[in-house]
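Enquirer: The structure follows.
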Amino acid sequence: MSVQLLVNVLIGVALVGFLGYRQATWQYLDPARIWRTPMIMAIVGVVVLAQSGATITTTDVVFLGIEALITIGVGLTMGTITRFRTAATPDSKGRTIQSRTGWLGASLWIVLIAVRVGLDVLGGHLGAHLLTSTGAILLVLALNRAARAVVIDQRIPRGHGGDRSDRGDRSDRGDRSDRGDRTASGRATRGMMVR
-16 MSVQLLVNVL IGVALVGFLG YRQATWQYLD PARIWRTPMI MAIVGVVVLA
34 QSGATITTTD VVFLGIEALI TIGVGLTMGT ITRFRTAATP DSKGRTIQSR
84 TGWLGASLWI VLIAVRVGLD VLGGHLGAHL LTSTGAILLV LALNRAARAV
134 VIDQRIPRGH GGDRSDRGDR SDRGDRSDRG DRTASGRATR GMMVR
């Protein structure tokens, strides 16, 4: 195993570990941020790939395509299993909606790592060396986050932002900060997915 591959694997594991932890814990949801992260990753990935001057072979394209399809599928699944709830108190930015995918979402990150390592090893034997570059890793993660964002953006409970006028008055429905959220129609979801 080359030093570059080892460094890339360590960076990838650290980043995926961090993202996996964030998926397993309740996080305040910022609709702009769910798009900002994949955009930044994609831009940095493209810049790093352009600076590397690596030659792209047909084998590279095939393996990158396979990996892209898998990572998009995992991202769409993560978006689908995301749960929403209303926090008892807003954060410093006035946000009240929180989201998480739970341990299932975190386990999907492990699947993604395993698939990535497997494709790297197989692709390396077949001459696909672009997979191990930092730029390619960032682009794959950007695709995953973008696929997740597409689904979450459609599922965010509307009318539950930081500007809610009824934010301080929960007496009519009880404090559900630890049990879930309500849909736009007022039905309690009790921690289940909001559709």
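First residue of the sequence shown: -16, per our numbering; consecutive thereafter.
Where a beta carbon is used, it is the ideal one built from N, C-alpha and C, also for glycine.
Rounded to whole angstroms, what is the Cα-Cα separation between I55 and L126?
Expert: Whole-angstrom Cα-Cα distance: 6 angstroms.
Enquirer: By Cβ distance below 6 angstroms, which residues in the same chain neighbour T84 in space, the five residues on each side in sequence not counted?
Expert: Contacts found: Q6, M61, I64, T65.
Enquirer: Roughly how many angstroms separate the alpha carbons of R156 and S75, rounded to a whole number?
Expert: Note that R156 scores a pLDDT of 34, beneath 50, so its modelled location is shaky; the value from the coordinates is reported in the next line. R156 and S75: Cα-Cα distance of roughly 24 angstroms.
Enquirer: What does the Cβ neighbour count give for G181, buried or exposed, with the cut at 16 atoms within 10 Å?
Expert: The structure shown does not extend to residue 181, since the chain spans only -16 to 178, so no value can be given for it.
Enquirer: Considering only the beta carbon of each residue, do P140 and I80 sit closer than 8 angstroms?
Expert: Yes, the Cβ-Cβ distance between P140 and I80 is below 8 angstroms.
Enquirer: Helix, strand or coil, according to DSSP, for R141 in the structure here?
Expert: Here R141 sits in coil by DSSP.
Enquirer: By how many angstroms is the C-alpha of P14 removed from the C-alpha of T42?
Expert: So the alpha carbons of these two residues sit roughly 37 angstroms apart.
Enquirer: Would DSSP call T41 helix, strand or coil?
Expert: Of the three classes helix, strand and coil, the one that applies to T41 here is helix, per DSSP.
Enquirer: So, at 6 angstroms on beta carbons, what are the nonlocal neighbours of W86 in its own chain, with the 5 sequence-adjacent residues on each side left out?
Expert: Closer than 6 angstroms at Cβ, skipping near neighbours: A7.
Enquirer: CB of S75 to nearest heavy atom of the ligand NAP: below 7 angstroms?
Expert: The model depicted lacks the ligand NAP and carries no ligand whatsoever.
Enquirer: Going by DSSP, what residues sit across from Q34 in a beta bridge?
Expert: Its beta-bridge partners do not exist; DSSP assigns none.
Enquirer: Counting C-beta neighbours from all protein chains within 10 Å, is the total for I39 16 or more, i.e. buried, or is it exposed?
Expert: I39 comes out exposed.
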